[in-house]
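Under numbering that gives the first Met the number 0, read the sequence shown as residues 0 to 380, first letter to last. Note that CB positions come from ideal geometry on N, CA and C, so glycine has one too. Have a look at the structure below, then the notes.
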Amino acid sequence: MILHFSCPDCGADMAYSIKLGKLYCQHCEHSEDIKPDPEQWQNLGGQAMDQAWTDQFAGPEQSADQTQAADQAQTADQTQAADQTQAADQAQAGGQPQVCPNCGSPIEASSRACSIRCPYCDSSLILADRLQRSMRPAMILPFRMDSEAARQAFLKWCHKGRFAPRGFAGSKNLKKIRPVYVPYWLYDLDLDLSVSGIATKVNIYVSGDTEYTETSFYSVARQMQLDYRNVPHDASEKMDDTVMAKVQPYDFSQMKEFAIPYLAGFETDQRDYADDELLPLVREQVGVYASTFARSTISGYSTVNIKQEDSSFRKISAKYVYLPLWFISYPYQGKEYVFAMNGQTGKVIGTPPLSQLKTTGWFALISGIIFAILLAGGLLL
Ligand SMILES: [Zn+2]
Ligand SMILES: [Zn+2]
0 MILHFSCPDC
10 GADMAYSIKL
20 GKLYCQHCEH
30 SEDIKPDPEQ
40 WQNLGGQAMD
50 QAWTDQFAGP
60 EQSADQTQAA
70 DQAQTADQTQ
80 AADQTQAADQ
90 AQAGGQPQVC
100 PNCGSPIEAS
110 SRACSIRCPY
120 CDSSLILADR
130 LQRSMRPAMI
140 LPFRMDSEAA
150 RQAFLKWCHK
160 GRFAPRGFAG
170 SKNLKKIRPV
180 YVPYWLYDLD
190 LDLSVSGIAT
200 KVNIYVSGDT
210 EYTETSFYSV
220 ARQMQLDYRN
230 VPHDASEKMD
240 DTVMAKVQPY
250 DFSQMKEFAI
260 PYLAGFETDQ
270 RDYADDELLP
280 LVREQVGVYA
290 STFARSTISG
300 YSTVNIKQED
310 SSFRKISAKY
320 VYLPLWFISY
330 PYQGKEYVFA
340 MNGQTGKVIG
350 TPPLSQLKTT
360 GWFALISGII
370 FAILLAGGLL
380 L
């Protein structure tokens, strides 16, 4: 079932505007607040979705005439959309490609895609039945960095890698920087940790002709209860875990309850992992933080020798969320380079590729300068 938001005023495609925080029609500048998803969208059937669609757009602020006109227009649209969707469903059942409800063109979506853009009419399409039940995120952190911010950050980043191959910062790549929502799990974990060992304090002093070394031994122990909240781990197989860890932190206090219209205009995939599948990795990471922290509190000794460390975790909860990311991957000389920008804070991750040709050029320039200096030095002598 493909969901597509048409403007109630002019019928054009609507997408989420990062600047406005609303659904926005570029054609007539009409905007719609993001409302909580109707219950029907969380348990989609053909009929239920059509009704929800009407409810979503039939706002009380419209005059009776407008409402009627809009209703009629919508009814016509919906009938058409519903027909196309039905055809699409049938086509899918027969193993044929799905069809865009806006332009009727066949679309190809990867098996895990939840939201895409139609390659023909560029409409924002949501594959809503892939966002059901356990695949429906609880929360979403909406983008704050818009395409212009991403463009500027990319150009700056390319400039830093001054050896970037020719054309790397060109318009072709700029267009390929995509805003994606990455599926993450956020874990709340409680941890009981105890460490114990032997520490020493060494005191050296001189009395007469003799130097004395006095070593005092201490039994040291720390017992801690640590609460970790919103520990993130990406739940996407194709995204690099290291990159996804480095774009942190996100400010999770800005998260909103998930609603389908947030995805209009963005690329989104379903998660690849259940929370329990990633839990061992998260425990390990948190365990390292906690251990380092506990050991750091044993200070003021000459030596510390930890003899025993015990920890027990309790998973309090795991929340499925979508976090915003601007992203481009770029193959160059057999290697994949990645530019990633935190869609909330603008933090940039990745290393630009180096062009062999430009590197050589730079070294030639450097040796040219050295030669010139030597020559100038020689002339001066
Ligand atoms: Zn419009
Ligand atoms: Zn289309």
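(message) Would you say the beta carbon of H158 is closer than 7 Å to some non-hydrogen atom of ligand 1?
(response) no
(message) Among the candidates L324, A148, A11, whose CA atom is the shortest distance from the CA of M243?
(response) L324
(message) According to DSSP, is R177 part of a helix, a strand, or is it coil?
(response) strand
(message) Let me make sure I understand the geometry here. Which of D12, A339, T296 has the alpha-carbon closest to that of D121?
(response) D12
(request) Return yes when the Cβ of A148 is within less than 8 Å of the Cβ of G345, no when it is not. (result) yes
(request) Taking 6 Å as the limit, tell me which residues put their C-beta closer than that to any heavy atom of ligand 2, in chain order. (result) C99, N101, C102, S104, C117, Y119, C120, S122
(request) Taking only the alpha-carbon atoms, compute the straight-line gap between P105 and Y321 and give it to the nearest angstrom. (result) Here the C-alpha atom of P105 lies approximately 27 Å from the C-alpha atom of Y321.
(message) Any heavy atom of ligand 1 inside 7 Å of the beta-carbon of H3?
(response) no
(request) Enumerate, from N- to C-terminal direction, the unbroken beta strand (DSSP E) stretches of 3 or more residues contained entirely within the segment 207-248. (result) 209-233
(request) Please indicate yes or no: does the CB of D32 lie closer than 7 Å to some heavy atom of ligand 1? (result) no
(message) Just to check my reading of the structure: F251 and S114 have Cβ atoms closer than 8 Å, yes? What is that Cβ distance to the nearest angstrom?
(response) Incorrect: roughly 22 Å between the Cβ atoms, too far for contact.
(message) Going by DSSP in three states, A137 sits in which element: helix, strand or coil?
(response) Three-state result, A137: coil.
(request) With distances taken Cα to Cα, identify the nearest neighbour of M238 among R282, F326, K155, H26. (result) F326
(message) Nearest by alpha-carbon distance to M340: which of A152, F292, K174 is it?
(response) That would be A152, whose Cα lies nearest to the Cα of M340.
(message) For S5 and D268, what's the separation of their Cα atoms in angstroms?
(response) 22 Å
(message) Shorter than 7 Å, the distance from the beta carbon of A11 to the closest heavy atom of ligand 4, or not?
(response) For ligand 4, the structure offers nothing, since it holds only ligand 1 and ligand 2.
(message) On the DSSP bridge list, what partners appear for G196?
(response) V219, I305, per the DSSP bridge assignment.
(message) Quick check on DSSP: helix, strand or coil for G20?
(response) coil
(message) Given the structure, does C113 come close to ligand 1, in the sense that its CB is under 7 Å from one of the ligand's heavy atoms?
(response) no
(message) Please tell me whether K314 has its Cβ less than 8 Å away from any Cβ of chain D.
(response) Judged by its chain identifiers, the structure shown contains no chain D, having just a single protein chain.
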